[in-house]
Amino acid sequence: MMILQVNQLSKSFGADTVLTNIKLEVKARDRIAIVGRNGAGKSTLLKIIAGQMSYEQGEIIKPKDLSIGYLAQHTDVTSTRTLKDELLSVFDHLKVMEQEMRTIEEKMASSTGSELDALMKTYDRLQQEFKDQGGYQYEADVRSILHGLGFSHFEDETTVQSLSGGQKTRLALGKLLLMKPELLILDEPTNHLDIDTLSWLEQYLQNYTGAILIVSHDRYFLDKVVNHVYEVSRTSMKKFAGNYSKYLELKAEQLERDMKLYEKQQEEISKLQDFVDRNLARASTTKRAQSRRKQLERMDRLDKPLGDEKSANFHFDITRQSGNDVLKVHDLDIRYDEKTPLLSSLSFQIKREDSVALIGPNGIGKSTLLKTLTNTLTPVKGDITFGSHVTIGYYDQEQAKLTSSKKVLNELWDDYPHMNEKEIRTCLGNFLFSGDDVLKPVHALSGGEKARLALAKLMLQKANFLILDEPTNHLDLDSKEILENALIDYPGTILFVSHDRYFINRLATKVFELSPTETREYLGDYDYYLEKKNEQLELEALQENEPLKKQATQPAEKAKLSYAEEKELKKKERQKQRRIEEIEERIAVVEDKLGENEQLLCDPDIFQDHEKVQAIQTENDTLNQELESLFAEWEELSEA
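For the sequence shown, the positions run 1 to 640 when full-length UniProt numbering is used.
See the structure below:
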């Protein structure tokens, strides 16, 4: 069922056109991603749909009673309440209903006859409404949200006003999830979330009963959650069925197909024009030449496919290779300040050409550890030893090394005065700073532009050991891919902190999991780390459920069988999840086909052709039956 339509929508800021003739359709239970470069207009479109911003042309069609929940990139919750009370405020209407029920209960105790009957009817109605609206489970829902979004370790008396900006955005997300609007609009919901919280949010959104519209630069997250992708590029928008990986595949296929059609038409035009040029002046062939010329004039010429917009283009080199031992850390104790948890007894080592992902929950001390390794902070005790010829290049997620008062050009030139202006401008051009952009003050740059400038400075260092703190923050999807490819080809050693699991998968050869008292090493990428963690959890669960020693007389085969059965159950669960994904993809295809058929039936030429109308309606009947069957299977699997 369609719940929202955007038709021919356009938006400008002064002379700058941001969106042109935008068309978007949202159906119940759709999971839609809007992707595109930074500045393409994604957030603007979300604000317009959410009613937060006006537009010049077009229309937005939706039911009057459609409930919409909108989470902006930076949402500030202002309140003096505690975290739990702030989330419970979503259910104030249920508290009022509950109090009304208590009042009726008291009256029923002293009433008789018709008055009692009337009170009982009112009470039954209220009780049913209370149940239907989640009155008996909302406190459990609040606890679940607090735990899922990483607030479970906070003190009960922690107030909203004491939270950081990122924590307030997380809390605002929690309130939206509890409200359960029919259309959930999320602008970069994965910002400020650690990997565990991201995994929880993916699961939650997969089972969400309404429709979801998302802008996110987290490719792993998009692959898990969405079933349609709309790409915003050059002010217009295209639709692709499937998750993010499928969108990349379909986009490449479409570009190749469009280019072949364009080249074929250009070849045909060239032949026709050549015939006209050679034969128009000759009396014996002039009629045929004139016919070819008319054919050229009538031809509906295809525009050349534009392909992707201009991308950053850079790579990382080194001046000199380091020794085989790059870094040894032994029995290290560190502290950022009195509030930050102490990291103690940390020991690990990094070899040449290792690419190590440092992961752990928010607040564990990952950035603190990197600042200690780069001598920004002093350890309480322990040894940090760098190998021979090691030179460090450090990327700070806060971009503290950028000087806000400088111009972009001088930010690089002052550090590398031996280079001439042309070389500096060429380097900045590779990071998409061109023309007058290089004369902008650093403080006027967006988050993404500052990130690219910091990467430009890092590239010019030519260090052989890169220490990177959240290098993909503020980068759009295209810039992330360029950075990944540059780091994959980098001949040095890398230690990085990131919450981008797709980035970790492409780059990491090792994963270090940080805890307050140790660093546990996994020899592989993020998926390998996840697999090993799950194996550990399974083994721990089996050990907890192991029979007492006095019952050790049971055959060992029975324990093995139990483990095998558990593995089989997990296998079936994975098969079920894959089937759910297949069904969702098929539902999207069937719904798209039904939409196309409905449009065909509105075509006057087809509407007047009885046989074509009959054929389309027959096909629609078949598709609707299939859709009903798919939804039934989907519900059955989801409930299971």
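All residues carry an ideal CB built from backbone N, CA and C; glycine is no exception.
The model shown is predicted, which means the values in this text are computed figures rather than measured ones.
Rounded separation between residue i and residue j - CA only
i	j	result
residue 192	residue 166	5 Å
residue 176	residue 152	18 Å
residue 584	residue 228	10 Å
residue 71	residue 107	43 Å
residue 460	residue 23	43 Å
residue 390	residue 432	30 Å
residue 523	residue 36	34 Å
residue 168	residue 85	14 Å
residue 59	residue 6	6 Å
residue 510	residue 148	27 Å
residue 141	residue 91	11 Å
residue 513	residue 14	49 Å
residue 412	residue 424	7 Å
residue 455	residue 506	19 Å
residue 125	residue 594	40 Å
residue 185	residue 174	13 Å
residue 287	residue 295	12 Å
residue 88	residue 43	29 Å
residue 114	residue 64	40 Å
residue 569	residue 252	38 Å
residue 262	residue 254	12 Å
residue 132	residue 528	43 Å
residue 19	residue 48	11 Å
residue 103	residue 144	30 Å
residue 403	residue 83	37 Å
residue 265	residue 621	39 Å
residue 558	residue 515	At residue 558 the pLDDT is 47, less than 50, meaning the model places this residue with poor confidence and gives no usable figure here.
residue 434	residue 428	7 Å
Neighbour-count burial assignment, residue i, 16 or more Cβ in a 10 Å radius
i	result
residue 637	exposed
residue 471	buried
residue 643	With the chain covering 1 to 640 only, the question about residue 643 has no answer from this structure.
residue 491	exposed
residue 16	exposed
residue 78	exposed
residue 292	buried
residue 632	exposed
residue 497	buried
residue 207	exposed
residue 578	exposed
residue 369	buried
residue 216	buried
Sub-8 Å separation of residue i and residue j beta-carbons
i	j	result
residue 367	residue 518	no
residue 219	residue 502	yes
residue 233	residue 21	no
residue 483	residue 448	no
residue 276	residue 33	no
residue 386	residue 326	yes
residue 313	residue 430	yes
residue 182	residue 3	yes
residue 26	residue 205	no
residue 130	residue 98	yes
residue 408	residue 458	no
residue 464	residue 320	yes
Best match in the options for proximity to residue i [C-alpha to C-alpha]
i	options	result
residue 190	183, 201 and 26	201
residue 69	161, 130, 211 and 105	211
residue 478	38, 226, 53 and 116	38
residue 356	11, 520, 600 and 532	520
residue 300	306, 287, 143 and 268	268
residue 318	383, 393 and 185	393
residue 105	146, 383, 113 and 119	119
residue 576	635, 88, 112 and 347	635
residue 334	347, 259, 323 and 114	347
residue 352	184, 440 and 322	322
residue 396	420, 143, 473 and 330	473
residue 164	332, 605, 362 and 199	362
residue 702	610, 582 and 600	Since the first and last residues shown for the chain are 1 and 640, residue 702 lies out of range.
residue 74	488, 188, 617 and 444	188
residue 342	374, 376, 617 and 380	380
residue 302	282, 330, 257 and 336	257
residue 54	83, 9 and 67	9
residue 230	248, 221 and 224	248
residue 56	11, 618 and 179	11
residue 196	419, 388, 150 and 619	150
residue 171	194, 468 and 146	146
TODO: Report yes or no: do the region 585–596 and the region 625–633 share at least 3 C-beta pairs separated by less than 8 Å?
DONE: Yes, the region 585–596 is in contact with the region 625–633.
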